[in-house]
Every structure is written in structure tokens, then in C-alpha cells.
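full-length UniProt numbering numbers the first residue of the sequence shown as 1 and each following residue consecutively.
Backbone N, C-alpha and C fix where the C-beta goes; we use that ideal spot for every residue, glycine too.
Down below is the structure, laid out as C-alpha cells.
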Amino acid sequence: MPEVFTELWFIQLVTVLYVIGITALVLLERRRPSAALAWLLALIFLPLFGLCLYFLLGRAGVRRRRRLRARRSVNPTDVTRGLLPLETPLEELDQPLRGLVALALNSSAAPLRRADAVDLLADPAQAFAAMEAALAGAKQQIHIAMYIWRDDDTGRRWIELLCERARAGVDVRLLYDEFGCLGTPRELFDRLIAAGGQVLTFGAVRLRYRPLMINFRNHRKIVIVDGDLGFTGGLNVGDEYLGRGLGARPWSDLQVRITGDAVLGLQAIFLEDWLAAHSDDHAEDPAFARQLADLLARPPGHSCGPMLQIVPSGPDLPFIDAIAAQFTAAIASAQERCWIATPYFVPDEPLSLALKTAALRGCDLRLLVPLPRNNDSSLVSLAGASYYDELLAAGCRIYEYLPGMLHAKYLLVDDRVAAIGSANMDVRSFYLNYEVTALFYDRRLTLDLAEVFTRELARALEVRPESRKQQSLPRRLGEGFARLLSPLL
1 MPEVFTELWF IQLVTVLYVI GITALVLLER RRPSAALAWL LALIFLPLFG LCLYFLLGRA
61 GVRRRRRLRA RRSVNPTDVT RGLLPLETPL EELDQPLRGL VALALNSSAA PLRRADAVDL
121 LADPAQAFAA MEAALAGAKQ QIHIAMYIWR DDDTGRRWIE LLCERARAGV DVRLLYDEFG
181 CLGTPRELFD RLIAAGGQVL TFGAVRLRYR PLMINFRNHR KIVIVDGDLG FTGGLNVGDE
241 YLGRGLGARP WSDLQVRITG DAVLGLQAIF LEDWLAAHSD DHAEDPAFAR QLADLLARPP
301 GHSCGPMLQI VPSGPDLPFI DAIAAQFTAA IASAQERCWI ATPYFVPDEP LSLALKTAAL
361 RGCDLRLLVP LPRNNDSSLV SLAGASYYDE LLAAGCRIYE YLPGMLHAKY LLVDDRVAAI
421 GSANMDVRSF YLNYEVTALF YDRRLTLDLA EVFTRELARA LEVRPESRKQ QSLPRRLGEG
481 FARLLSPLL
């Protein structure tokens, strides 16, 4: 009997020390309260699974990135902040716009600039054709940052196009996220290196002395040609975005083409990511100083088209939730309407409150998401659906896109603000990934985006409160479980 009591005492002591240790570990990370609570529940009640998940999704990687960022002698987004800013003082803008511009400037060093022109590319085939034409016409440099790059017809065609430009003497740089391209053989990119291009991976996951890291991915989609033509939006490089390949289905996505001074914002973010990727490899880029010098030597701005800000967010930035704050503030400023399209909808508390408050104020608030069976993430779809009832009760209107996968990521507010980029309306995009969003303060562009949204809405089914009441018990339990995990998704 004494031995039994000794064993029980030892087990209890270990348990208490474990609970104290993991509680201190989570609390010291200063996570959002909901995320910290979710981690504590997982680590306490599912210790083995929770620990594995924690080391897989933990924050060690981002702490290292913050240290590296702090040690850098230069950060491109900071040093280019004063270049080509719009001379229009904030006082000349109306109050809602003034607040949004100041928020982006103060949270992410995103100056207000003008473009020569901005074009919406609402059809993936049209967007790919425009980007490929731009790449083929490159004279000096091509900079690409992409989350997913498939080894399929589209991916190989782009590599061949980049190889041809590299052999012609164009400075070609390709940055891809390793986790997003886990299924893509390195040999595909080696062909570009052999042709004279430069290729780097962002956020290596296959490391010998460090744990597997699948969080903090570079989810940005950026294409820049010759420094004054840029593209961003939701499109990665692959056949699936054109509705081709195995299990092909119609694909709805949106890309935006920008020319002129405002492209500098995309260029600075790309160089920031390029430098970070070199830091991961403990290498120095001998051409980096020249690239930055070229930016700093740009002539005075000449663009007189739409006003916009290029807003980055990332877990190692001073304000990691810059895009989340921008979306929430934009929704809160809506007077007449706020229309949102997103493939993955897992709102945090501030965003959820902003949506409900806007609807309760009488704002026409509409949310367009994929039909659950078309969504490539069932768990995220379930988590998002768990918010439907409270949003519907507040007066929001929710639509599920029927033809296929809705992958576009944008919002519009009244007739004056539009946001287009790589960020989804979910916790992962807001707090874990590196994202980029272009904020446009232009009536024509916002109205054009409203037309795109209206066309897609015609192919969607509105979610009614009555249909929600008919949900089966397993479905409701699934939504509840997914919502519990939503701070970790």
C-alpha cells in the first residue's frame, strides 16, 4: 500500500507541475485570451495530442523571426515609407477615410500613394493571361512571391516563361512558401536557377535541428514587373485556379493590376520577404543593397490616379493585426453597405462584433462564402457556419456560392473603400500568416467591385434562418466543436 500511495503522490506532483508549467508557458506568450484558453484546454485535457500540436503550431519560429527583424540594419518598408507619398493632407479627406488612412499608416507604415491605373481581373483566366503578358514583356526585373506553386501545366508554363526572361538578362527573383509548396518538387525551381534566376524558400519546414513548423506562412501573392506594374489578390500558380486538373471545379477568384507609384508598396514588401528568407538561410544577398538603392533613387511621384495603401501584416511586425484592425475599422465606418467575399470565414471577437453592430445600425451587410461541400477546408467551413445564427439575428445576409470554390478575398464599404488582397476573414490570416491587402479609396473601383460581387451573388444561395433551424444534431455538434477550435485554426 505505501508504494501505491507513493506512486499516486508522484503522479499528482507531476500533473501539478505539468499544469503549472504549460500554463506559465502559454501565459508568457501573451496570446489572445480565446487562443490562450483553447491551448490550455488542449494541453491539459489532451496532453499528448496537445503537446504534439503545440510544438507543431507553436510560436518559437515567430520569436526567432522577431529577433532577426530587430537585428536587421534596414527594413525596406520602413526606409521607403517617405517615398512617393500623396501630398494631399489627411485634413482634405472626410473623417471616415481620414481615420482609415491614419490607421494603415500608423499600424503598418503604409503611406497613401496614387496609381496610374487600377484594373480588376475578376476572371482567373483573364488574370493569368494579364500576368503572363506582363512577365513576357519584362525588361529589367521580375519579382514574385507566391504561397502555392503547382508542378502542373500552369506552374511549368510560368517557370519556362521566367527562364526565358532570365536568359534574356532580366533580374528574376522567385520566393515561394515551403509549406504551401510541399508537394512541388524542388527540381521545378532548379530549372529557373539554372537559367540565371534566383529562387528562395520562405519559412523552411523540413529542418534538421528545429521542430516542424506549419504556422506563420507567407500567404502573400505578389507579382511585380519592372518596378511599376504589380499584381496582388487571391490567385496562386496552378491549374486548379483555372478550373482544371484532377477534381476540377469552377473557381471564382479576384486579382488586381496596379501601375504607377503605388507599386512601390508591393516592391518594398517583396524585398522585406526576400531579406527574411535570406536570414532563414544565414546568407547575405549581395544584390540587396543595389535593389534598395534603386528604390531610394526613384524620381518624384507622377501618378495621379486612384489613391491606395498597400498594407502588410505578419506575426513579427510591431502590429501583427494590422489587416484585422483595418477590416474591423472599415466595417465599423460603413454607413450604407458593407459587402464581403471570403473563402474562409472564422471571425475573431472584434470582427464579429463589428459585423453585427453594422447590421444592427441598418447597414446592408452581406457575406459571400463557398458552399460547404465546395470548400477545401471542412473544419473551417464548420467553424464559420457556427457564427451564422447570431449574424442572421443581427440582420446580416449570408450567401453560399454554388458553382464551385469561391477563393476571392475582398470587401467594399459604401461607394468609397475597397480592400483586395491575400487575407481571408479568419484567425489564421489575421494573426498567424504574412498577408498583404491593397486598400483603395476610389469610387469607380469600388463600384466596379460591387458589380463583381453582384454577379457572384446571382450564383449563390442565401442562407435563411429557417434552414438553420433544420440542422441535424451531428451538424450542430460539428459546428460547435469546430468553433471551440477556431482560435487555433
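Whole-angstrom distance between residue 435 and residue 233, CA atom to CA atom: Each residue's alpha carbon lies about 10 Å from the other.
Buried or exposed (CB count within 10 angstroms, at least 16 for buried), residue 266: With 16 or more Cβ atoms within 10 Å of its Cβ, residue 266 is classed as buried.
Inter-residue spacing [alpha-carbon to alpha-carbon] between residue 317 and residue 455: 37 Å
Segment contact, 8 Å Cβ cut-off, at least three pairs: the segment 214 to 222 with the segment 112 to 130: no
Beta-carbon proximity list for residue 191, same chain, < 7 Å, skipping 5 on both sides: Setting aside the 5 residues that flank it on each side, residue 191 is surrounded in the same chain by 159, 163, each with a C-beta closer than 7 Å to its C-beta; the list follows chain order.
Spatial distance of residue 243 from residue 150 (CA atoms): 14 Å
The alpha helix (DSSP H) enclosing residue 85, as first and last residue numbers: Careful: residue 85 lies outside any alpha helix (DSSP H) and carries neither H nor E.
Neighbourhood of residue 200 by C-beta, 6 Å cutoff - its chain only, sequence neighbours within 5 removed: 175, 277
Endpoints, alpha helix (DSSP H) assigned at residue 493: Limits of the chain in this structure are 1 at one end and 489 at the other, which puts residue 493 out of reach.
Identity of the residues DSSP links to residue 421 by a beta bridge: 437
Spatial distance of residue 79 from residue 293 (CA atoms): 10 Å
Integer-rounded CB distance, given that residue 120 should sit under 8 Å from residue 448: Contact between residue 448 and residue 120 holds, since their C-beta atoms are separated by about 5 Å, short of 8 Å.
Straight-line Cα distance separating residue 110 from residue 272: 14 Å
Short Cβ contact (8 Å threshold) for residue 439 with residue 326: Yes, these two residues count as a Cβ contact at 8 Å.
Residue 386 (DSSP reduced to helix, strand or coil): coil
Residue 313 - partner residues in DSSP beta bridges: 435
Backbone CA spacing between residue 373 and residue 324 [nearest angstrom]: 27 Å
Beta-carbon gap between residue 339 and residue 366 smaller than 8 Å: Going by C-beta atoms, residue 339 is nearer than 8 Å to residue 366.
Supposed contact pair residue 142 and residue 172 - C-beta distance, whole angstroms, cut 8 Å: 5 Å
With 16 other Cβ atoms within 10 Å as the buried cut-off, status of residue 421: buried
Residue 193 versus residue 132: straight-line alpha-carbon distance, rounded: Straight through space, the alpha carbons of residue 132 and residue 193 are spaced by roughly 19 Å.
Best match in 226, 155, 86, 157 for proximity to residue 138 [C-alpha to C-alpha]: Nearest of 226, 155, 86, 157 to residue 138, Cα basis: 226.
Reduced DSSP category for residue 398 - H, G, I as helix; E, B as strand; rest coil: strand
Nearest neighbour of residue 135, chosen from 170, 114, 118 [CA to CA]: For the residues 170, 114, 118, the minimum Cα distance to residue 135 belongs to 170.
Alpha helix (DSSP H) runs wholly inside the segment 122 to 177, at least 4 long, in chain order: DSSP runs (the alpha helix (DSSP H)) wholly in the segment 122 to 177: 124 to 136, 153 to 167.
Same chain, Cβ closer than 6 Å to residue 195, five either side skipped, listed in chain order: 163, 166, 167
Coarse secondary structure for residue 207, derived from DSSP in three states: Only weak support is given to the placement of residue 207: the predicted model assigns it a pLDDT of 49, under 50, and the value that follows is read from those uncertain coordinates. The answer is coil: DSSP assigns residue 207 none of H, G, I, E or B.
Proximity test, residue 389 beta-carbon vs the ligand COA heavy atom, cut-off 7 Å: Absence of the ligand COA from the depicted structure is noted, as is the absence of any ligand whatsoever, leaving it without description.
Residue 306 vs residue 115 beta-carbon contact at 8 Å: yes
Whole-number beta carbon distance between residue 410 and residue 419, since they are thought to touch under 8 Å: Contact flag correct, Cβ pair sits at about 6 Å.
The segment 330 to 339 in contact with the segment 91 to 102 per 3-pair CB rule at 8 Å: yes
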